[in-house]
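Asks:
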Amino acid sequence: MCGFAGIFDLARSTPYESLMDSVTAMADRLRHRGPSDSGAFADAEKGIALGFRRLSIIDLSPQGHQPMTDPTSRYTICFNGEIYNAQRLLKDLQQDWPQMPPLCGHSDTEILLRAIAHYGLAPALQKSIGMFAIALWDKHEQKLHLARDRMGEKPLYYGWQNNTFLFGSELKALRAHPNFNPSIDRDALASFLRYGYVRAPRSIYQGIYKLPPATTLTLSNSYGNQLPTPKKYWSPKEIAAHQSIISDADAVATLDHLIRDAVSMQMVADVPLGAFLSGGVDSSTIVALMQAQSNRPIKTFTIGFNEKSHNEALYAAAVARHLQTEHTELYVTPDAAMAVIPRLPHLYDEPFADSSQIPTFLVSQLAAQHVTVSLSGDGGDELFAGYEWYRTTQNIWNKIGPIPAPLKKATAAALSSLSPARWDQLLSAVPGKLKGRATGDRLHKLAHVIHSASSPESIYENLIAKWNGDETLVLGTTGCHPALPPQHDLSTASNPIERLTHLDLLTYLPDNILCKVDRASMGVSLESRAPLLDHRIVEFALRTPLSQKIRENKTKWLLQQVLHKYVPQNLIDRPKMGFCVPIDTWLRTGLKDWASDLLNPKRLENEGFLASPPIQKKWTEHQSATRNWQHHLWHVLMFQSWLASQ
């Protein structure tokens, strides 16, 4: 695992020494991603410079040094990631290219570079199984190519700054360039406050973008200062359109084989390797198939909390005992967890508000004390319909989808006509499920959902959103824009759940889950790998009918059938807990002074980004314990904390 940065000066006006100094400074900001080695390349005549930081995983020798140039001197590459089928790709190359010059080492970077030289960039990527971000300079055609893996496991930012094209693995690398002049994108900020992360292709900065997963971008002098449109080389929508029907037994056997093969390839490393284990379905499946293919105990890691409602360590320990792994757990105190918070702005570079970022960093830090590579179960929920909100959305859509729009708006208006407090007061005497504090808040949320319920996606977007419809929160913008992917990328499946899992594959998975894991793990120089995101498993899941994902009121049915071959059902069969921390309590105790300072009305006014009144209202209600606004407040606090670090 590594990090890279680069410069493309189309005016070709920067001297060689300045190019090298700038790109080296940019790459050095990524030292945490690659403490093992560094390198730089520049061609002032062409205006190109590449800088690299290396975390050595495969081929620890100097032969894996980057930037790497092919024997013809045509291509120079910076490659962040892993090509898991590199040896299989090499065999194909040796068959298809008998005169291929001998390799200098055995790194996957060198094999990929040869594949690009022989097949071309897009065909080489299509033949590759892995996670990656790539910068490729083609000296003959004087073109810069950027590429990102199919699922978006590895990050890549780019954009123009003062007539210079900058790119890199993290925003901190771009900020190190002398021409970088950051300006906050207020629409991106509105989107962040809505979802808790900035959705691609935007970043928090105007004019700086995230390259979408499964795309390439090519830049040359002919584009001037315009940005070309990223080009897809793989489409989940096209794959999902061809559903395959096979028996349950065949589906279980096929998935077992695919995961086993993916795990086997991802266990290849020239450094110590282990796995994150929460005791849930996804991570337990990965660990089970790792242990099944290992002749010694796999190293597994988990974080525990003394708060019972947030602690999965007991379940992880039970699975570890059954599989006989070499298990390490660490129980974290609230003070130790809260001590991570000041590091978050530097780790994530832009506002990021998934509070599981804290335990994710802690478990990465724990694993990094013992291994250099750790496998995870990320992707299982999105691929096999594991989130409860999918079924909640489907139920709402089935009930209100057919209702005419005027009636929806009238119903929403009626629900909004009373304040949340008044609803709570009226319903307090009503027995049953409607009784309880914050029911009024939920009714107001439902009103907003109903008002704009034009599709399952619109319902889902409003269900998961915070600061719903508050157009005055971000000053200088028209509101919290949904920022859905382009219509041509969205699924056309008739079943709402299939459409929502597809939407999450395009948004929540790459921009939240994978971003969280990449920054947390790379922040401690640990490589995290996700076998379930092997694109062969993704394609299998996309083609699998929903009846094999949700059955008998259980989500991830098919994945669980694979797991039950290795781990007894009673060790796994429990409600989904999630990887969370008690932010609600912390904001009233240990984090109260920190948060109060960041939310100070005078401070907000001077900064000029956020309107204070709606924030102060939620802060006051949260402190009085009459409401739980932890998510809304955490979103604001993560922006404020990030802004203070700039």
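For reference, each letter of the sequence shown is one residue, going 469 to 1114 in my numbering.
Cβ coordinates follow ideal geometry from the N, Cα and C atoms, glycine included.
1) For residue 503, which residues does DSSP report across the bridge?
2) How should residue 725 be labelled, buried or exposed, when 16 other C-beta atoms within 10 angstroms of its C-beta is the threshold for buried?
3) Counting along the chain, where does the beta strand (DSSP E) carrying residue 611 start and finish?
4) Rounded to whole angstroms, what is the Cα-Cα separation between residue 868 and residue 964?
5) In three-state DSSP terms, what is residue 548?
6) Do residue 1035 and residue 836 have their beta-carbon atoms positioned less than 7 Å apart in this structure?
7) At the level of alpha carbons, what is the spacing between residue 1041 and residue 961?
8) Are there 16 or more other CB atoms within 10 angstroms of the CB of residue 716, so buried, or fewer, so exposed?
9) Decide if the region 532-541 is in contact with the region 579-596; the criterion is three or more beta carbon pairs, one per stretch, under 8 Å apart.
10) Given this structure, state the Cα-to-Cα distance separating residue 884 from residue 893, to the nearest angstrom.
11) Quick check on this structure: which residue in 918, 1101, 897 and 768 has the alpha carbon closest to the alpha carbon of residue 789?
12) So what does residue 1019 bridge to, in DSSP terms?
13) What residue does the beta strand (DSSP E) around residue 771 start on, and which one ends it?
14) Distance, Cα to Cα, residue 809 vs residue 488?
15) Report the CB separation of residue 1024 from residue 854 in whole angstroms; it is logged as a contact under 8 Å.
16) Assuming residue 1113 contacts residue 1066 (C-beta within less than 8 Å), just tell me the rounded distance between them.
17) Residue 728 to residue 1005, Cα distance in whole Å?
18) So does the region 634-652 actually touch the region 790-802, counting three or more Cβ pairs closer than 8 Å?
19) Pick out whichever of 897, 879 and 942 has its Cα sitting closest to the Cα of residue 915.
20) So is residue 787 buried or exposed if we call it buried at 16+ other beta carbons inside 10 Å?
21) Among 672, 517, 921 and 550, which one has its Cα closest to the Cα of residue 997?
22) Could you compute how far the alpha carbon of residue 887 sits from the alpha carbon of residue 923?
23) Taking Cβ to Cβ, would you say residue 734 is nearer than 7 Å to residue 843?
24) How would you label residue 776, buried or exposed, when you count the other beta carbons within 10 angstroms and need 16 or more for buried?
25) Let me check one thing: in DSSP terms, what residues is residue 700 bridge-paired to?
26) With three or more beta-carbon pairs closer than 8 Å as the criterion, would you say the region 475-485 touches the region 495-505?
27) I need the boundaries of the beta strand (DSSP E) containing residue 996, first residue and last residue.
28) What are the boundary residues of the alpha helix (DSSP H) that residue 665 is part of?
29) What residue does the beta strand (DSSP E) around residue 855 start on, and which one ends it?
30) Taking the CB atoms as reference points, tell me whether residue 573 and residue 531 lie closer together than 7 Å.
31) Could you name the residues of the same chain whose beta carbon sits closer than 6 Å to that of residue 621, not counting the 5 residues immediately before and after it, in chain order?
32) Below 8 Å on the Cβ atoms is my guess for residue 502 versus residue 471; work out the distance and round it to an integer in Å.
33) Please work out which residues of its chain come closer than 8 Å, Cβ to Cβ, to residue 943, disregarding the five sequence neighbours upstream and downstream, and give them in chain order.
Replies: To lay it out plainly:
1) Answer is 522.
2) With fewer than 16 Cβ atoms within 10 Å of its Cβ, residue 725 is classed as exposed.
3) It spans 611-616 - the beta strand (DSSP E) in which residue 611 sits, taken as one unbroken run.
4) Those two C-alpha atoms are separated by around 13 Å.
5) In the structure shown, residue 548 sits in a strand (DSSP, three-state: E or B).
6) With contacts defined as CB atoms closer than 7 Å, residue 836 and residue 1035 fail to qualify as a contacting pair.
7) A direct Cα-to-Cα measurement between residue 1041 and residue 961 gives close to 30 Å.
8) Per the 10 Å Cβ criterion, exposed.
9) Contact holds: three or more Cβ-Cβ distances are below 8 Å.
10) Counting only the Cα atoms, residue 893 lies some 15 Å from residue 884.
11) Checking every option, the nearest Cα to that of residue 789 belongs to 768.
12) Per DSSP, the beta bridge partners of residue 1019 are 1022.
13) Segment 767-773, the beta strand (DSSP E) holding residue 771.
14) Each residue's Cα considered, the two are about 35 Å apart.
15) Indeed they touch by this definition, with Cβ atoms about 5 Å apart.
16) A Cβ-Cβ distance of about 11 Å is found for the pair residue 1113 and residue 1066, leaving them out of contact under the 8 Å criterion.
17) Spanning the two alpha carbons is a distance of roughly 11 Å.
18) Counting Cβ pairs under 8 Å, fewer than three are found: no touch.
19) The option with the nearest alpha carbon to residue 915 is 879.
20) When all chains shown are included, residue 787 counts as buried.
21) When each option's Cα is compared against that of residue 997, the closest is 550.
22) Each residue's Cα considered, the two are about 27 Å apart.
23) Contact: yes.
24) It is exposed - the Cβ of residue 776 has fewer than 16 other Cβ atoms within 10 Å.
25) DSSP, once it has assigned bridges, lists 683 as partnering residue 700.
26) With a cut-off of 8 Å, the region 495-505 and the region 475-485 do not count as touching, because too few Cβ pairs lie within range.
27) According to the DSSP assignment, residue 996 belongs to the beta strand (DSSP E) that extends over 995-997.
28) Careful: residue 665 lies outside any alpha helix (DSSP H) and carries neither H nor E.
29) The continuous stretches of beta strand (DSSP E) do not include residue 855, and DSSP gives it neither H nor E.
30) Between residue 573 and residue 531, the C-beta spacing is below 7 Å.
31) Excluding positions up to five away in sequence, the list reads 599 and 982.
32) By a beta-carbon distance limit of 8 Å, residue 502 contacts residue 471. Their separation comes to about 5 Å.
33) Excluding positions up to five away in sequence, the list reads 654, 1076, 1077, 1078 and 1079.
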